[in-house]
Every structure is written in structure tokens, then in C-alpha cells.
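Trainee: Dropping the structure in here first, questions after.
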Amino acid sequence: MTDTANYLTRIDEATGNKVISIERSGETVDFIIGSSPDGTDLWQRVPYDANDYGPVADPRTDFDHADSAYNPNAPQVWKELREGGCPVAHTDRYGGMWVPITDETVTEVAYDTENFTSRAVVVGVGRPGDRALPAPIGGAPPITSDPPFHNMARRLLLPAFAPKVIEPWEPEIRRLCQKLLDEMGDITPGESVVDAAIQYAQNIPVNVIGRMLGFPEEDEALFRTFVHDVLERINEEPGTREGGDDLGVYIQEQIDDHRANPRDDLTSYLMNVELDGNKLEDPVVSGMVVLLLVAGIDTTWSAIGSSLWHLAQHPEDHQRLLDDPEVMTFALEEFLRAYAPVTMARLVAKDNDFHGCPMKKDDWVLLPFPAANRDPRKFEDPDTFIVDREENRHAAFGLGIHRCLGSNLARLELKVAIEEFIKRFPRFELAGDTRWSVGQIRGPRELSVRILEVAD
Amino acid sequence: MRVHLDAEKCQGHNRCYALAPELFDVDDYGQAMLIVEGDVPADLHDKARLAASNCPEYAITITENG
Chain R
1 MTDTANYLTR IDEATGNKVI SIERSGETVD FIIGSSPDGT DLWQRVPYDA NDYGPVADPR
61 TDFDHADSAY NPNAPQVWKE LREGGCPVAH TDRYGGMWVP ITDETVTEVA YDTENFTSRA
121 VVVGVGRPGD RALPAPIGGA PPITSDPPFH NMARRLLLPA FAPKVIEPWE PEIRRLCQKL
181 LDEMGDITPG ESVVDAAIQY AQNIPVNVIG RMLGFPEEDE ALFRTFVHDV LERINEEPGT
241 REGGDDLGVY IQEQIDDHRA NPRDDLTSYL MNVELDGNKL EDPVVSGMVV LLLVAGIDTT
301 WSAIGSSLWH LAQHPEDHQR LLDDPEVMTF ALEEFLRAYA PVTMARLVAK DNDFHGCPMK
361 KDDWVLLPFP AANRDPRKFE DPDTFIVDRE ENRHAAFGLG IHRCLGSNLA RLELKVAIEE
421 FIKRFPRFEL AGDTRWSVGQ IRGPRELSVR ILEVAD
Chain B
1001 MRVHLDAEKC QGHNRCYALA PELFDVDDYG QAMLIVEGDV PADLHDKARL AASNCPEYAI
1061 TITENG
């Protein structure tokens, strides 16, 4: 617990890196935060160049979630791995990455914070070095934190996302969805084609989290670019991924603005909340805001898009929701199970043997909760969407101590977004190819649907 | 029927609170709390089973009487 008692932040003049000094058990430990890939031990470039590899031929030995063919076909890939007797896949890409596929192996990694650290949760061509960032704090606490700091950081944020705090946002989210539908303009049934991802899904979470944080509404497009940079451009050189640095600058500006003009929102809450009697240093506040933006936007947008993609192809489920709105309680969880958008990652903390796999310290471990959600040993008929599936212990929001902090908000946004869309458009169908995201967040990025009926 | 909640296992998914608010509440941190003492009223048995069978962390267990 002493890990977090005191922070002191300074800029190291020689390198330009930010140094956070933390008092730990009476000793002061320096953690270096910066973006330079060399000259510090904060960032290890992994020996991987995507150009050396072709498309994935055999996912058992060369798994790549950033292969453009992966997200559109992921359920098929998982099924083949499972049925081929491969509960844990591997690849040399990214400096070495293991991929548990079954419910058993995914669950085991999620619960094991001793052998697997959350110091980095997005697989890329670089990974944090040993002193790169404050393990156990990480760059975006608490998602990048390990125990014991994790629990303290998490408890700071939990009250802001508890069910009873989130529920009152429903009318505002509903109005937002209706406004987006209105903005689609005149619809001619049978002719008009809209993009349910671009014109609808992608705008909902960004607007909501931006409002909660008290950021200017006109910056929404900016958030999306940042998030895209963090999550999708994982094969690019660190130097070309400017998004992360820009995001840091932007958030610091927002923090400064909140300091000058205090107001009742999530950013002010984070700036004022106390840990061991001290307010959080700006870098920690900033890290938490990064987490909320990154985690809150792409994910829910993907879940909304995938759900509408499903409904466009399954009018029987669509009709059931219209006829029997109560079924939404179960349908919502089934959308989350079958189309879980989020795959997390861990780094191996120490060498260990995992189901016969010789895992080495600093190997990546991909944590595909969506694959666990389709394991027939846990779910009956897992590849079938059952709109009123009653028993549904899905892991869409993760398992264990890192359970998605924003799950109540995500559920509310998903529910309202689906309800409003199907109420306005009682029938719609796919109108062309769907473009899926690339990387750890799975969902449609372009989703053309033809509207067949408009509510009066 | 009795319901048991293992607070150590609960990670605040809030599935039980959504499915059976007559039996479960949540605190300011989103952690589940059991709000019935002793036997579960017969008309809530189905809801109790539903909550138990939807907890992703297996934190809820049911004991059926004799």
C-alpha cells in the first residue's frame, strides 16, 4: 500500500522524459515515462516486422488478431482451433504471443495476476520495459495496474460507474440516439441506405463519455482519431503513432481548463478524489481519462454495430424484440456473449508452464473473452444466437479483478441504442459488405443497411 | 431455498441486481448485497435460480431445502 503514498513528478532535462518518483517502503523509486524507444529502459522494441510475415496460414502456430481476415471470421477461427485440439495458440509475431482460446484457459489467465501482469493490455510492436512505467500502476490505471495498487485505483473509479449513478443517464442517451436517427434525414423505405456504424453506433459512446468527462462536444471527432491510433495501428513504428502523445497533450489541456473552471463532472471528480489523503497527480488523472476514453468508445460502438449487424440478418429476432420488449433483458446479454467486442492482453510476469506451453517472461498473452463466450463446454449451441437464452454467464466484460468498470454504462448504451434503432426502423437489411475493425476490439466500422420500414 | 453470496468472488457485474432486484442490491462500488435473510419466498425461487445461473464469477449459490 505504501506504493502509492507519495508521487513527485519532474522532467529529466537530459532525456526530456517525465520521471515519477514514488516512495515505496521508505525508499524512493524512479519510474520513467516517455516516448523515446531508445536510450531508456521504458520501451522495448520487440523484434517483429509485420512485413516479414504474410497472411496467417495456420492460426495454431501463427495466430494474428491484426490480420485483416481475423475479425470478420473470428468465430470460425476459434472453432477450428478448439476442434483441432488447440486450447492455446501461439505466434512468433510481436516478439512471441500466446492465445488461450477455451473458456478454461481464458478464465485461468484472467484470474492469475501472479503469472500474468496487466502492465500492458494492448499488444503492439513494443512493450514496456521493466522500469517503463510504474508497475504496478501502469500508464492507464487501473486497467494497467496489478495488485495491490489496482484495487485502490479501481475503488476511486467504481462509484462513478455504479448502477445507480449510471441509470439516470438513460433519458439523455435516448435523446441522443433519437437525434442521430433524425439526422439521417428523409428515409424512403426499400431505397434509403444508411451506415449504422458511421451515422449511428460510433457517435453514441463518444458523446456520452465526453459529456461525463465535461469535454467540449465539438471534440468528438478528435477522440475517435486518438482511439483509432491507440487500438488499430498496432503494427506501425512507435514514432509514427503520434496519437498517444497528442492525446496526452489534449487531456492535460482539459485538466488545466477544469482547474481554472471547476465543474461537476468526472474530470473534476478525478482531480479532487483523494488517495491516502493526497490528490492524484495530473499524470495519474490523465492516465485514468485515457482509460475511460479508450475503453469507453471503441468497445461500446463495436457492440452496438455488431448487434445491428445481427438484427439486419435475423428479422425473427428483430420481430421478437418488437413484440416482446421484455425479452431485451436476455437479448442484451446474448448480444454481449455472441458479439463480445473486447479482447484484452497480458504480459507473462514470470516464466511458467501453462497447459504445457513454455511461457517466458515478457511474452504477450492475448485474452480473447469473445472466444471463451463461444466455448461449447460452457454454452449450449454457442454459435447460435438465442434471443432469450436464460443461462448466460458470458465473459464479455472480462472476469476477475479487471471486470470492465464501465459495464453498467456500456449495457445501458447498448440497450437504448438497439431499442431506439429498431423502434424507428422496424425492418432493415444489410446493403453491401460490412467492414470490420482490425485488432483487439471487434466490431463493424462500416455497416450499410437498407431501411425497409420506418415507424410512423 | 436459501441463497448465498460470496462477496470475495463478486466483481460487481450486477447481473443479479438486474435479474432479481427483490433479492439483491448493490452498494456504492457496485458490489452485490443480499437483501433477504433466511428462506427465499417461493415466488422468488425462479429469480434466485436465474441470478445464480447468470453470475459470471460463480459467486451465488443456492441451497434447496430438503
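Chains as they are written, first to last, in the working numbering: chain R, 1 to 456; chain B, 1001 to 1066. Glycine included, every Cβ here is placed at the ideal spot set by N, Cα and C.
#1: Among R:PHE161, R:TYR94, R:GLU83 and R:PHE116, which has the Cα closest to the Cα of LEU412 of chain R?
#2: Between the alpha carbons of ALA1042 of chain B and ARG1002 of chain B, how many angstroms are there, rounded?
#3: What is the rounded straight-line gap between the Cα of ALA120 of chain R and the Cα of ARG127 of chain R?
#4: In whole angstroms, give me the CA-to-CA distance for ILE198 of chain R and ARG450 of chain R.
#5: Using only CA atoms, which one of R:LEU158, R:ALA345 and R:LYS279 lies nearest to THR117 of chain R?
#6: Can you name, in chain order, every residue of its own chain whose Cβ lies under 7 Å from the Cβ of ASP67 of chain R, other than the five neighbours on each side?
#7: Please classify ASP456 of chain R as buried or exposed, where buried requires at least 16 neighbouring CB atoms within 10 angstroms.
#8: Measuring CB to CB, does LEU399 of chain R end up less than 8 Å from GLU1057 of chain B?
#9: Relative to chain B, which residues along the segment 385-409 of chain R have a C-beta separation below 8 Å, given in chain order?
#10: Interface residues of chain R around ASP1006 of chain B at Cβ under 8 Å?
#11: Here's a check: name, in chain order, each residue in its chain whose Cβ is nearer than 6 Å to the Cβ of SER192 of chain R, leaving out the five neighbours to either side.
#12: Chain R beta carbons: is any one of them nearer than 8 Å to that of ASN1065 of chain B?
#13: Does the beta carbon of GLY1038 of chain B come closer than 8 Å to any beta carbon on chain R?
#14: Excluding the 5 residues preceding and the 5 following ILE1062 of chain B in the sequence, name in chain order all residues of the same chain whose CB lies nearer than 8 Å to its CB.
#15: How is GLU114 of chain R classed by DSSP in three states: helix, strand or coil?
#16: So for GLU429 of chain R, helix, strand or coil by DSSP?
#17: DSSP has PHE379 of chain R in a bridge; who is on the other side?
#18: Figure out for me which residue from R:PRO426, R:PRO382, R:HIS150 and R:GLU420 has the closest Cα to the Cα of ASP182 of chain R.
#19: Who pairs with SER448 of chain R in a beta bridge, going by DSSP?
#20: Since TRP301 of chain R and ILE143 of chain R should fall inside the 8 Å C-beta cutoff, what is the C-beta to C-beta distance between them, to a whole number of angstroms?
#21: Less than 7 Å between C-beta atoms, sequence neighbours within five positions excluded: which residues of the same chain meet that for GLN313 of chain R?
#22: Counting only Cβ pairs nearer than 9 Å, list the residues of chain B close to LEU321 of chain R.
#23: Along the segment 1041-1057 of chain B, what residues have a CB closer than 8 Å to any CB found in chain R?
#24: Cα-Cα, which of R:ASN352, R:VAL454 and R:HIS394 is closest to GLU113 of chain R?
Mentor: Judging by the given coordinates:
#1: It is R:PHE161.
#2: Taking the straight line joining both Cα atoms gives about 11 Å.
#3: In a straight line, the C-alpha of ALA120 of chain R is about 7 Å away from that of ARG127 of chain R.
#4: For ILE198 of chain R and ARG450 of chain R, the distance between alpha carbons rounds to 14 Å.
#5: Residue nearest to THR117 of chain R within the set R:LEU158, R:ALA345 and R:LYS279 is R:ALA345 (criterion: CA-CA distance).
#6: In its chain, beyond the 5 residues on either side, PRO55 and VAL56 have a beta carbon closer than 7 Å to the beta carbon of ASP67 of chain R.
#7: ASP456 of chain R should be labelled exposed.
#8: It is a contact, given that the beta carbons lie within the stated cut-off.
#9: Closer than 8 Å at the C-beta level to chain B, one finds these residues of the segment 385-409 of chain R: GLU390, GLU391, ASN392, ARG393, HIS394, ALA395, PHE397, LEU399, GLY400, ILE401, ARG403, SER407 and ASN408.
#10: The contacting residues do not exist; ASP1006 of chain B stays about 14 Å from chain R at best.
#11: Excluding sequence positions up to five before and after SER192 of chain R, its CB lies within less than 6 Å of the CB of ILE451, all in the same chain and listed in chain order.
#12: By this cut-off, ASN1065 of chain B is not an interface position.
#13: Not an interface residue.
#14: Contacts found: MET1001, ARG1002, VAL1003, HIS1004, ALA1048, ARG1049 and ALA1052.
#15: In the structure shown, GLU114 of chain R adopts coil according to DSSP, grouped into three states.
#16: In this structure, GLU429 of chain R counts as strand in the three-state DSSP scheme.
#17: None, per the DSSP bridge assignment.
#18: Ranking the options by Cα distance to ASP182 of chain R, first place goes to R:GLU420.
#19: In DSSP, SER448 of chain R forms a bridge with R:ASP195.
#20: Going by Cβ atoms, the distance from TRP301 of chain R to ILE143 of chain R rounds to 18 Å, so no, they are not a contact pair.
#21: So the qualifying residues of the chain are LEU430.
#22: What LEU321 of chain R touches in chain B: nothing, since even the nearest Cβ is about 17 Å away.
#23: Considering only beta carbons, the part of the segment 1041-1057 of chain B lying closer than 8 Å to chain R consists of LEU1050, SER1053, ASN1054, CYS1055, PRO1056 and GLU1057, in chain order.
#24: Residue identity check: residue 113 of chain R is Thr in the sequence provided, not Glu. Looking at the Cα atoms, R:ASN352 is the closest of the given residues.
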